[in-house]
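Worksheet: one structure, shown below.
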Amino acid sequence: MVDPRVSVINERLSRISRIVAVSSGKGGVGKSMVATTLALTLAKKGCRVGLFDLDFTSPSTHIILGAEKIQPKEEKGIIPPTVHGLEYMSLIYFVGDQPAPLRGADVSNALIELLAVTQWGSLDFLVIDMPPGIGDAVLDLVRLVKRIEFLIVTTPSLLAFETVKKQVELLCELKMPIIGVVENMKMTKAKGIEAATEKLGLRFLGEVAFDEGVEDAIGDVEKLLATAIGKKIQLIVDSVVLAEKREPRCLVER
Amino acid sequence: MHEWALAEAIIATAKQIAQKEKLKEVTEVTIKVGELQQVEHSILRFAISELKSEIFKNAKFRILKAKTTLKCRVCGNTWQFKKEKLDRDTAEAIHFVPEAAHTFIKCPNCGSPDFEIVVGRGVWLETLKGVK
């Protein structure tokens, strides 16, 4: 008895140049905001970009995008609809705004199904909004897709950074490339996270000041791109994401 | 034609197995299709016939239906999935991603969405026969 779906996943992703998973050890640090802003910024720069909301039990990128009444097309698989220039995929097409109480094996199965049937076509970037932690979604992506780069989001809180350290250790053990760490929702001038990031051997991508306007920008992508997070992500895109021709490597020697 | 993507997966997997087993020709492939995903057998069969390569030219593709058994993790109740009980939109959601069942189906005994899909989820390759 063999599950045939796994065999086509890499073929489905074969015309995507780079796959970036926006990830964190903790929830509530702004992964979805960073992932959506990153995808929108890359699209504004003329890249062909997909956004895949992999936070199956708590999807939120559709709310950030203000995406309503959209459905994928069925054609030799599933073709994601275009939302604000992004090829956009989410479990919400199938479960709407109702809860999807999934256990680990169900998360894996849904992930494999969507990776096997989604026809992304040619993309410069696929940005993945990850669920928090180092559970099924991270392990499955590492196992099935392999050529993923991680962009890690933390807050200034040591509680968030403690989980980031564990995540970094895991990703380095698995030899996964890490683009760097973004410190989100910063309210002081403390440099603790920057120093701790560099101590891990990782690149500190920058800090995003806490911006009250972000809440008001939910559902309005132009407003979102004008917030502190929008401006910082644009700098990161220009100075790091688009500036590097080759995939970055994990900088930690183990 | 979501079935097309699944047919591609079946052909790719069958080919991998045939290569691993050093088969010159595949003679029979048995595919099981769980009722939960409601895959159209005729579309799947058509897609397979369009996609199959030389090694499958004389192969018989058997597509068998498998009943779906669900088991509640809360009260232990076991029951069979019945498509007829679903409206069109719900049936379609589960067709694309069977895990959507946890949103729409509840245990008929206790009402919990926390159930296990014991058997009959989606499409799987049951057996493959060939000539070395």
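Quick mapping for you: the protein sequence lines, in order, are chains Y and L. As numbered in the working numbering, residues 94 to 347 make up the first sequence, in order. As numbered in the working numbering, residues 74 to 205 make up the second sequence, in order. Note that CB positions come from ideal geometry on N, CA and C, so glycine has one too. The structure displayed is predicted, hence computed values, not measured ones.
Closer than 8 angstroms to chain L by CB, residue i
{"i": "Pro193 (chain Y)", "result": "According to the sequence as given, residue 193 (chain Y) is Ala; it is not Pro. Chain L contact via Cβ: present."}
{"i": "Glu206 (chain Y)", "result": "yes"}
{"i": "Asn103 (chain Y)", "result": "no"}
{"i": "Met187 (chain Y)", "result": "As written in the sequence, residue 187 (chain Y) is Phe, which differs from the Met given in the question. True, the Cβ-Cβ gap to chain L drops below 8 angstroms."}
{"i": "Ile172 (chain Y)", "result": "no"}
{"i": "Lys169 (chain Y)", "result": "yes"}
{"i": "Asn277 (chain Y)", "result": "no"}
{"i": "Met94 (chain Y)", "result": "yes"}
{"i": "Asp233 (chain Y)", "result": "no"}
{"i": "Asp309 (chain Y)", "result": "no"}
{"i": "Val345 (chain Y)", "result": "Low local confidence applies: a pLDDT of 47 at Val345 (chain Y) is under 50, so the model's placement there is unreliable, with the coordinate-based value given in what follows. No, no contact with chain L."}
{"i": "Arg236 (chain Y)", "result": "no"}
Spatial neighbours of residue i in its chain, beta-carbon cut-off 7 angstroms, leaving aside the 5 residues before and after
{"i": "Leu208 (chain Y)", "result": "Ile102, Arg105 and Leu237"}
{"i": "Lys138 (chain L)", "result": "Val106 and Glu108"}
{"i": "Pro152 (chain Y)", "result": "Asp146, Ser183, Leu184 and Ile185"}
Within-8 angstroms CB hit, residue i to chain Y
{"i": "Ile83 (chain L)", "result": "yes"}
{"i": "Pro186 (chain L)", "result": "yes"}
{"i": "Trp77 (chain L)", "result": "yes"}
{"i": "Gln89 (chain L)", "result": "yes"}
{"i": "Thr86 (chain L)", "result": "yes"}
{"i": "Trp152 (chain L)", "result": "no"}
Under the three-state DSSP convention, the category residue i falls into
{"i": "Gly226 (chain Y)", "result": "coil"}
{"i": "Arg108 (chain Y)", "result": "coil"}
{"i": "Asn103 (chain Y)", "result": "helix"}
{"i": "Ser183 (chain Y)", "result": "strand"}
{"i": "Gly285 (chain Y)", "result": "helix"}
{"i": "Arg347 (chain Y)", "result": "With a pLDDT of 39 at Arg347 (chain Y), under the threshold of 50, the predicted position of this residue should be treated as unreliable, and no value is reported."}
{"i": "Ile157 (chain Y)", "result": "helix"}
{"i": "Ser332 (chain Y)", "result": "helix"}
{"i": "Ser117 (chain Y)", "result": "coil"}
{"i": "Ile178 (chain L)", "result": "coil"}
{"i": "Leu133 (chain L)", "result": "According to the sequence shown, residue 133 (chain L) is Lys rather than Leu. Lys133 (chain L): strand per DSSP, three-state reduction."}
{"i": "Ile163 (chain Y)", "result": "coil"}
{"i": "Gln110 (chain L)", "result": "helix"}
{"i": "Asp146 (chain Y)", "result": "strand"}
{"i": "Thr142 (chain L)", "result": "strand"}
{"i": "Trp152 (chain L)", "result": "strand"}
{"i": "Phe169 (chain L)", "result": "helix"}
{"i": "Val188 (chain Y)", "result": "helix"}
{"i": "Val231 (chain Y)", "result": "helix"}
{"i": "Gly299 (chain Y)", "result": "strand"}
Residue i - containing alpha helix (DSSP H), residue span
{"i": "Gly306 (chain Y)", "result": "Gly306 to Asp309"}
{"i": "Cys265 (chain Y)", "result": "Leu251 to Glu266"}
{"i": "Ser34 (chain L)", "result": "Given that chain L is displayed from residue 74 to residue 205, the structure contains no residue 34 (chain L) and the question cannot be resolved."}
{"i": "Asp199 (chain Y)", "result": "Gly197 to Val210"}
{"i": "Ala87 (chain L)", "result": "His75 to Lys93"}
{"i": "Ala132 (chain Y)", "result": "Lys124 to Lys137"}
Local Cβ density within 10 Å of residue i, reported as buried at 16 or more and exposed below that
{"i": "Lys130 (chain L)", "result": "exposed"}
{"i": "Glu242 (chain Y)", "result": "buried"}
{"i": "Ser100 (chain Y)", "result": "buried"}
{"i": "Pro181 (chain L)", "result": "exposed"}
{"i": "His114 (chain L)", "result": "exposed"}
{"i": "Lys124 (chain Y)", "result": "buried"}
{"i": "Thr248 (chain Y)", "result": "buried"}
{"i": "Ser126 (chain L)", "result": "exposed"}
{"i": "Gly184 (chain L)", "result": "exposed"}
{"i": "Ser116 (chain Y)", "result": "buried"}
{"i": "Cys148 (chain L)", "result": "exposed"}
{"i": "Arg141 (chain Y)", "result": "buried"}
{"i": "Asp304 (chain Y)", "result": "buried"}
Neighbourhood of residue i by C-beta, 8 angstroms cutoff - its chain only, sequence neighbours within 5 removed
{"i": "Leu344 (chain Y)", "result": "Its pLDDT being 46, under 50, Leu344 (chain Y) is placed unreliably in this model, and the value from its coordinates should be taken loosely. The answer, listed in chain order, is Ile271, Gly294, Leu295 and Arg296."}
{"i": "Leu195 (chain Y)", "result": "Phe149, Thr150 and Ala203"}
{"i": "Gln111 (chain L)", "result": "Lys156, Ala164, Ile167 and His168"}
{"i": "Tyr186 (chain Y)", "result": "Ile163, Gln164 and Pro165"}
{"i": "Thr100 (chain L)", "result": "Asn131, Ala132, Lys133, Lys202, Gly203 and Val204"}
{"i": "Glu81 (chain L)", "result": "Ala120 and Leu124"}
Delimiting residues of the beta strand (DSSP E) encompassing residue i
{"i": "Ile104 (chain L)", "result": "Glu98 to Gly107"}
{"i": "Met278 (chain Y)", "result": "Ile271 to Lys279"}
{"i": "Ile128 (chain L)", "result": "Here Ile128 (chain L) belongs to no beta strand (DSSP E), and DSSP marks it neither H nor E."}
{"i": "Lys202 (chain L)", "result": "Val196 to Val204"}
{"i": "Glu315 (chain Y)", "result": "Here Glu315 (chain Y) belongs to no beta strand (DSSP E); instead the alpha helix (DSSP H) covers Val314 to Leu318."}
{"i": "Ala193 (chain Y)", "result": "Note, Ala193 (chain Y): premise wrong, no beta strand (DSSP E); not H, not E."}
{"i": "Val246 (chain Y)", "result": "Ile241 to Thr247"}
Contacting residues, own chain, Cβ-Cβ under 6 angstroms from residue i (five flanking each side not counted)
{"i": "Glu346 (chain Y)", "result": "At Glu346 (chain Y) the pLDDT is 45, less than 50, meaning the model places this residue with poor confidence; the figure from the coordinates comes in the next sentence. None."}
{"i": "Ala302 (chain Y)", "result": "Lys279 and Ala321"}
{"i": "Arg98 (chain Y)", "result": "Ile205 and Ala209"}
{"i": "Gly143 (chain Y)", "result": "Glu180, Trp213, Leu216 and Leu219"}
{"i": "Asn150 (chain L)", "result": "Cys180 and Asn182"}
{"i": "Arg194 (chain L)", "result": "Gly107, Leu109 and Pro171"}
{"i": "Glu300 (chain Y)", "result": "Glu276 and Lys279"}
Cβ-heavy atom distance, residue i to the ligand SAH, below 7 angstroms
{"i": "Thr100 (chain L)", "result": "Here there are no bound small molecules, and the ligand SAH is not part of this structure."}
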